[in-house]
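I have placed the structure first, in the form of structure tokens, so that the comments after it can refer back to it.
There are 2 protein chains.
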Amino acid sequence: MTTKERIVETALELFSQRGYDGVSVRDIARAVGIRESSLYNHFENKRAIFDGIVDVCVRQSEVYFRESALPFDQGDDTSVYRGIGLEHLQELIERTFRFFFDDPWNARFRRLLLVSQYAEPRCRDIYQQLYRDKCIAVQAYIFSALMDAGEIRREDPLAVAAEFHGPMFMWIHTCDSFEEARPLIREHVEQFRKNYEWRPTP
Amino acid sequence: MTTKERIVETALELFSQRGYDGVSVRDIARAVGIRESSLYNHFENKRAIFDGIVDVCVRQSEVYFRESALPFDQGDDTSVYRGIGLEHLQELIERTFRFFFDDPWNARFRRLLLVSQYAEPRCRDIYQQLYRDKCIAVQAYIFSALMDAGEIRREDPLAVAAEFHGPMFMWIHTCDSFEEARPLIREHVEQFRKNYEWRPTP
DNA sequence: AATAATATAGAACAAACGCTCGGAAAAGTC
DNA sequence: GACTTTTCCGAGCGTTTGTTCTATATTATT
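Sequence lines, in order, name chains A and B.
The numbers in this note's numbering rise by one with no breaks, and the one at position 96 of the first sequence is 527.
The numbers in this note's numbering rise by one with no breaks, and the one at position 119 of the second sequence is 550.
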């Protein structure tokens, strides 16, 4: 790993805990194991380190959404999820949730955006897109497929996705560990299943 | 309004935007309209200002929960909400939501806790209690009453409350104005009503 | 092996930081 | 009106901040 990469990784860890102003250039240098003057060989100034972190993480999240989540922006073809059933939802959600919660880069980046969002408009934008809009869009896509498959009752997919993602959002933001969140997520998926699974009209 | 109160109010505004380390004592003094040395007649040091804000706001929120919300910790008597029906939920929720969103003290305090939660364990605790646990407890109380009244189907009230509060939590944290959030809240309450309102077994 | 390019360290800078102090002004008490 | 208490201000304290500079190491290229 190059020094520049180590700086980014270390600074992300620090910024995500104490915020931009709570971390000094000397703090970062000490944590990396070099002197602060050496930092300036890799970044123009402190601000550039912060911006560099955001750039890297945004790029990573784009890769995630393109590869691991869905091609939900490639038209309305829901065939990717044709074989999906409600019984797969629990596992699918737990995997996604684990990524957002436990992946070291993503968990730190989420905290970074969270604590920076009111000081930095760009962070607010990314935060809203990444942890609300994109998540809801992906889930709306899945629910659309589930509706087509007759697994859940037909409703506005975006509204259903918002109902689903709301509690997820809350547990992601207020639980201290994945273990604490897991049973709550399970209960949520269970409630959701009861509420939306298709039943023949009486 | 005393100078001390003006300091607290001003510092809350600043801290909630830029965080503890992002605001200097001189910033606060300038915004209040006095010199920084005069600040030290009212507070021992910068940390005491921050702690003073938290104390004041915690006290205010306790008053709110005791007076405006519910005596939900006074036993299991749900008679306060005996007359409530599902048709009142929309209005009740919108009023509560508006308080959390628009009340200048509460909105700023929420941001303050949010941006400070990873640097200050106390803020993390208060944040979890205030915007998750207490809200869910209050709502569980209301839903308990609605179940007793046969308005919604019987389920674990805490689980139902979590389902209800999740989307609220999300919109509170990611919407930029009450006007932006209002239609989303309405849709949420509508979905919730469809999902939980009592129907005679076929 | 010589040369060029890059990374590092140490010293130093001005500016901003939290904070203290002594004296002037204001407010409250008798 | 004299006295005490509180509040304010300006100057200044030592420290930390972000950043620059120069000399020395390390690495890459020829």
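Ideal Cβ positions, reconstructed from N, Cα and C, are used throughout, including at glycine.
Keep in mind the model is a prediction, meaning the values are calculated, not measured.
Can you pull the DSSP bridge partners for B:Glu628?
In the second sequence, counting from the first residue as 1, residue 628 of chain B sits at position 197. B:Ile583, per the DSSP bridge assignment.
Label B:Pro588 either buried or exposed according to how many other C-beta atoms from any shown protein chain fall within 10 Å of its C-beta, with 16 as the threshold for buried.
Locating residue 588 of chain B in the second sequence gives position 157, counting from the first residue. Buried, because 16 or more other Cβ atoms sit within 10 Å of the Cβ of B:Pro588.
Would you say B:Arg449 reaches chain A, if we count a Cβ-Cβ gap shorter than 8 Å as a contact?
As a working mapping, residue 449 of chain B is identified with position 18 in the second sequence. In terms of beta-carbon proximity, B:Arg449 lines the interface with chain A, with at least one pair separated by less than 8 Å.
Using a Cβ cut-off of 8 Å (strictly closer), state whether A:Pro598 contacts chain B.
Within the first sequence, residue 598 of chain A is the residue found at index 167, counting from 1. Yes, contact with chain B.
For a contact meaning CB atoms closer than 7 Å, what does B:Glu618 contact in chain A?
In the second sequence, the residue the question calls residue 618 of chain B occupies position 187. Chain-order list of chain A residues neighbouring B:Glu618: Ala590, by C-beta distance under 7 Å.
Any C-beta of chain A under 8 Å from that of B:Gly572
Taking the first residue of the second sequence as position 1, residue 572 of chain B is located at position 141. The sequence given here places Tyr at residue 572 of chain B; Gly does not occur at that position. Interface flag for B:Tyr572 against chain A is unset, since no Cβ pair is found closer than 8 Å.
Counting only C-beta atoms, is B:Ala612 closer than 8 Å to chain A at any point?
As a first step, residue 612 of chain B is located in the second sequence; it is residue number 181 there, counting from the start. Not an interface residue.
Could you round the C-beta distance between A:Trp629 and A:Glu582 to whole angstroms and report it? I think they count as a contact, below 8 Å.
Locating residue 629 of chain A in the first sequence gives position 198, where the first residue counts as 1. Locating residue 582 of chain A in the first sequence gives position 151, where the first residue counts as 1. The beta-carbon separation of A:Trp629 and A:Glu582, rounded to 6 Å, stays under the 8 Å limit for a contact.
Whose CA, out of B:Tyr451, B:Glu551 and B:Lys435, lies closest to the CA of B:Glu475?
The sequence position of residue 475 of chain B within the second sequence is 44, counting from 1. Ranked by Cα distance from B:Glu475, the options B:Tyr451, B:Glu551 and B:Lys435 are led by B:Lys435.
Counting along the chain, where does the alpha helix (DSSP H) carrying A:Gln448 start and finish?
For the purposes of this step, residue 448 of chain A is taken as residue 17 along the first sequence, with counting starting at 1. Residues Thr434 to Arg449.
C-beta neighbour in chain B for A:Thr434, strict 8 Å
One-based indexing of the first sequence puts residue 434 of chain A at position 3. Output row for A:Thr434: interface = no.
Roughly how many whole angstroms lie between the Cα atoms of A:Ala460 and A:Arg466?
Position 29 of the first sequence, counted from the start, is the residue given in the question as residue 460 of chain A. Position 35 of the first sequence, counted from the start, is the residue given in the question as residue 466 of chain A. Spanning the alpha carbons of A:Ala460 and A:Arg466 requires a straight line of approximately 5 Å.
Three Cβ pairs or more, each shorter than 8 Å: is that satisfied between the stretch 547-558 of chain A and the stretch 566-575 of chain A?
Verdict: no, contact absent.
Identify every run of the alpha helix (DSSP H) within the stretch 515-554 of chain B, keeping only runs that are complete inside it and at least 4 residues long; order them along the chain.
As far as the stretch 515-554 of chain B is concerned, its whole alpha helix (DSSP H) runs of at least 4 residues are 517-533 and 535-547.
Mind pulling the chain B residues with CB within less than 9 Å of A:Asp452?
Start at 1 with the first residue of the first sequence, and residue 452 of chain A comes out as number 21. Simply Arg449, Gly450, Tyr451, Asp452, Gly453 and Val454.
Distance between B:Ile515 and B:Gln448 (C-alpha atoms, nearest Å)
For the purposes of this step, residue 448 of chain B is taken as residue 17 along the second sequence, with counting starting at 1. For the purposes of this step, residue 515 of chain B is taken as residue 84 along the second sequence, with counting starting at 1. B:Gln448 and B:Ile515: Cα-Cα distance of roughly 39 Å.
Do the CB positions of B:Leu517 and B:Leu615 come within less than 8 Å of each other?
Numbered from its first residue, the second sequence carries residue 517 of chain B at position 86. Numbered from its first residue, the second sequence carries residue 615 of chain B at position 184. No, these two residues do not count as a Cβ contact at 8 Å.
Taking 7 Å as the line, does the beta carbon of A:Ala462 fall inside it for any heavy atom of the ligand GDP?
You won't find the ligand GDP in this model; it holds no ligand whatsoever.
Span of the alpha helix (DSSP H), counted from its first residue to its last, around A:Cys488
By one-based count along the first sequence, residue 488 of chain A stands at place 57. Segment Lys477 to Tyr495, the alpha helix (DSSP H) holding A:Cys488.
Which listed residue (A:Phe609, A:Glu610, A:Ala612 and A:Phe595) has its alpha carbon closest to that of B:Asn626
Sequence index remark: in the second sequence, residue 626 of chain B carries index 195 (1-based). Considering only alpha carbons, the answer is A:Phe595.
Cα-Cα separation, B:Gln505 to B:Arg497:
Here residue 505 of chain B corresponds to residue number 74 of the second sequence, with the count starting at 1. Here residue 497 of chain B corresponds to residue number 66 of the second sequence, with the count starting at 1. Since pLDDT at B:Gln505 reaches only 49, below the 50 mark, its modelled position is unreliable, and no value is offered.
Which residues in chain A sit within 7 Å of B:Leu545, going by Cβ to Cβ distance?
Locating residue 545 of chain B in the second sequence gives position 114, where the first residue counts as 1. Chain A residues near B:Leu545: Leu545.
Along chain B, in chain order, which residues have C-beta atoms closer than 7 Å to that of A:Asn626?
Residue numbering aside, residue 626 of chain A sits at position 195 when the first sequence is read from its first letter. Residues of chain B passing the Cβ test: Asn626.
Report yes or no: is there a C-beta of chain A within less than 8 Å of the C-beta of B:Arg526?
The residue given as residue 526 of chain B occupies position 95 in the second sequence. Closer than 8 Å: no.
Could you check what DSSP says for B:Cys606 in three-state terms: helix, strand or coil?
Here residue 606 of chain B corresponds to residue number 175 of the second sequence, with the count starting at 1. Note: B:Cys606 maps to coil in three-state DSSP.
Beta carbons nearer than 7 Å to chain A: which residues of the stretch 546-558 of chain B have them?
For the stretch 546-558 of chain B, the beta-carbon criterion of a distance under 7 Å to any beta-carbon of chain A is satisfied by Val546, Tyr549 and Ala550.
Straight-line gap, B:Cys606 to B:Glu618 (C-alpha atoms, nearest Å):
Within the second sequence, residue 606 of chain B is the residue found at index 175, counting from 1. Within the second sequence, residue 618 of chain B is the residue found at index 187, counting from 1. Just so you know, the alpha carbons of B:Cys606 and B:Glu618 end up roughly 15 Å apart.
Can you tell which of B:Pro535, B:Asp579 and B:Glu525 has the C-alpha that lies nearest to the C-alpha of B:Glu610?
In the second sequence, residue 610 of chain B corresponds to position 179, counting from 1. Here the closest residue by C-alpha is B:Glu525.
Nearest residue (CA-CA) to A:Pro598, options A:Thr441, A:Asp452, A:Ala479 and A:Gln622:
On the first sequence, position 167 is the one that residue 598 of chain A refers to. Ranked by Cα distance from A:Pro598, the first of A:Thr441, A:Asp452, A:Ala479 and A:Gln622 is A:Gln622.
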